[in-house]
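> Below you will find the structure I want to go over with you.
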Amino acid sequence: LLHIIKHSVSEFCFVITMVEEASETNFPWLPEGMEPLADGEYDAIVLGTGLKECVVSGLLSVKGKKVLQVDRNNYYGGDGASLNLTNLFEKFQAGEAPTNMGENRDYNVDLIPKFIMAYGNLTKMLLHTKVTRYLEFKSISGSYVYKGGKILKVPATPEEALTSSLMGIFEKRRFRSFLIYINGYDPDKPETHKNRDLHTMTMRQLYTEFGLQPDCQQFISHAMCLQLDEKHMDLPADSTVKDLKTYCDSIARYGTSPYIYPMYGLGGLPEGFSRICAIHGGTFMLNQDIGEILFNENGEAYGIKTGNQMAIANLIVGDPSYFPTEKTRETGNLVRCICLLNHPIPSTKDADSVQVIIPGPQVGRVNDIFVCCVGHYLAVSAPGIYVAIVSTKAEKATPDEDIAAGLKLLGPILKRFTSVSTTYEPVADGKEDRCYISSSFDATSHFENDCEDLLDLYKRVSGEELDMNISAENVDGDY
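Heads up, my numbering is the position in the sequence shown plus 19, with the first residue counted as 1.
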């Protein structure tokens, strides 16, 4: 703890020194009466400390770029932060936090409910950048699916598959044959395709070729491929098969579920990447409002202004909330409900951490409902308290209607916090206006789609592809 305090004080003094030195510098671009913000001139200014923004700032700083990262909040993570109990109640304007639910410091409640695929792209980024030096991960205890009014465990081993009530004995044989094909499939090796072109064959056609019944198709698509709706069924199968292979590789790694999760909540992820940026000379300013993004006569962003301070850079990176509305467009609305429980989710064998997927068609919806639950085992709540989060895409008249099927599975709820958030994406790639904007976190229960957006953002910012060929088990590489 003393080491951390010394490190924090040292960083704080360093920033103060930079600001004092900068104020004595006369920049030709600085208008009269204005002062430089921090060091004044940067290669990149990053707005927000969300996961995507922190990954980009970390990678840019490693490449020798001078980075200023600013956040309006007094904590890291933005919309993906993990809050203590007091901050949670304050954010949702729910009054004073109760004193009978453990210590405030026991809580690290995620605002966005997601787990990490053990063999997915985010795991590769964490390993390759050595952010794993700052974080500890544990496996999620189980993955479940809602079918016919019951919560059923998604098989994690061949033995579980044989005893699972998700499918009959003959369907299990067809399911096994299908998984053998998927496990052996390699898009770069035609001999593994077995005369099937997954670039043209739809997922529905692929299921039909193996004789899989509609219920089994739905289970595979929603509980294993983690598709949100039925649109994928009539699209080329290659993308969905890729998702299924990631799931199978992830579940094979730990044998309980395909997911891992950082101790002390997801908020540790952006903090880990921000350390990389700080180590390589990056400057961070929390609790700092941004007055406006500055544009030149050609419509190109060249800096930011806050009060009587400003800083300039060759490019501006950030999440949609920091940019003018004409720079982004809406992509939908998400409903999320954070629930505090004094018990694990019923019918999950008292699992200390779990995900339950409710396929939309099972409850008369288009989009799936996701329920995740974590607790003291992962250092996110006080002993005996569990944090369950129900989330889905909005499609009903009210938020409560959208999440009703998920809330029904939880049992008695001590306290709940419901929010509806609009998601956004950039309208342009940033080449013309130098505004490099990330997309909002999506509705899925994992980070794979968000990683695709992150990789695209990094390529737009740096002009280079991020090398993702590292194995998710290899810890020797380093960017």
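For every residue, glycine included, the Cβ atom is placed at its ideal position computed from N, Cα and C.
(1) Evaluate the contact criterion for the stretch 53-69 versus the stretch 274-286: three or more CB pairs, one atom per stretch, below 8 angstroms.
(2) Measuring alpha carbon to alpha carbon, tell me which residue in T176, T211, C244 is nearest H465.
(3) What did DSSP end up calling G425 once you bin it into helix, strand or coil?
(4) Span of the beta strand (DSSP E) holding N468?
(5) Nearest to F46 by CA position, among I331, G161, A180, is which residue?
(6) Under the three-state reduction of DSSP, which class applies to G287: helix, strand or coil?
(7) Any idea if T441 is buried or exposed, counting beta-carbon neighbours within 10 angstroms, 16 or more meaning buried?
(8) Taking its Cβ as the centre, do 16 or more other Cβ atoms sit within 10 Å of R348, making it buried, or is it exposed?
(9) Using the Cα positions of E414 and K213, report the straight-line distance between them to the nearest angstrom.
(10) Between the alpha carbons of G318 and T105, how many angstroms are there, rounded?
(11) Can you tell me where the beta strand (DSSP E) holding M53 begins and where it ends?
(12) Roughly how many whole angstroms lie between the Cα atoms of L171 and Y138?
(13) Figure out for me which residue from I357, E54, S184 has the closest Cα to the Cα of G113.
(14) Give the straight-line distance between the Cα atoms of N119 and K450, rounded to the nearest whole angstrom.
(15) Would the beta-carbon of D371 fall within 8 angstroms of that of G394?
(16) Give the range of the alpha helix (DSSP H) segment to which P233 is assigned.
(17) Inspect the beta-carbon positions of F229 and L185 and report whether they are closer than 8 angstroms.
(18) Measure the C-alpha to C-alpha separation of K110 and M282 and round it to an integer number of angstroms.
(19) When the distance is taken between beta carbons, is G322 closer than 8 angstroms to M329?
(20) Taking the alpha-carbon of L130 as reference, which of G425, T265, C391, P418 has the nearest alpha-carbon?
(21) Have a look at R193 and V164 and give me their C-alpha separation to the nearest angstrom.
(22) If you drop the 5 nearest sequence neighbours on each side, which residues of the same chain put their C-beta closer than 6 angstroms to that of L485?
(23) Return yes when the Cβ of V409 is within less than 8 angstroms of the Cβ of L426, no when it is not.
(24) Nearest-angstrom Cα distance between D497 and F189?
(25) Less than 8 angstroms separating the beta-carbons of F134 and Y266?
(26) Smallest Cα separation from S438: which of I422, C73, F303, L198?
(27) Classify A297 as buried or exposed, calling it buried when 16 or more other Cβ atoms lie within 10 Å of its own Cβ.
So, to answer that:
(1) no
(2) C244
(3) Looking at G425 - three-state DSSP - the assignment turns out to be helix.
(4) First-last for N468: 467-481, but that is the alpha helix (DSSP H), not the beta strand (DSSP E).
(5) I331
(6) helix
(7) exposed
(8) With fewer than 16 Cβ atoms within 10 Å of its Cβ, R348 is classed as exposed.
(9) 40 angstroms
(10) C-alpha of G318 to C-alpha of T105: approximately 42 angstroms in a straight line.
(11) It is not in any beta strand (DSSP E) - M53 carries neither H nor E in the DSSP assignment.
(12) 24 angstroms
(13) In the sequence as displayed, the identity of residue 113 is Ala instead of Gly. Answer by Cα proximity: I357.
(14) 53 angstroms
(15) yes
(16) 233-238
(17) no
(18) 22 angstroms
(19) Yes, they are a contact pair.
(20) For the residues G425, T265, C391, P418, the minimum Cα distance to L130 belongs to C391.
(21) 20 angstroms
(22) L474, Y477
(23) Their beta carbons are under 8 angstroms apart, which means L426 touches V409 by this criterion.
(24) Note that D497 has pLDDT 45, beneath the 50 cutoff, so the model's placement of it is unreliable and the number below is only indicative. Rounded to the nearest angstrom, the gap between the Cα atoms of D497 and F189 is 47 angstroms.
(25) no
(26) When each option's Cα is compared against that of S438, the closest is I422.
(27) buried
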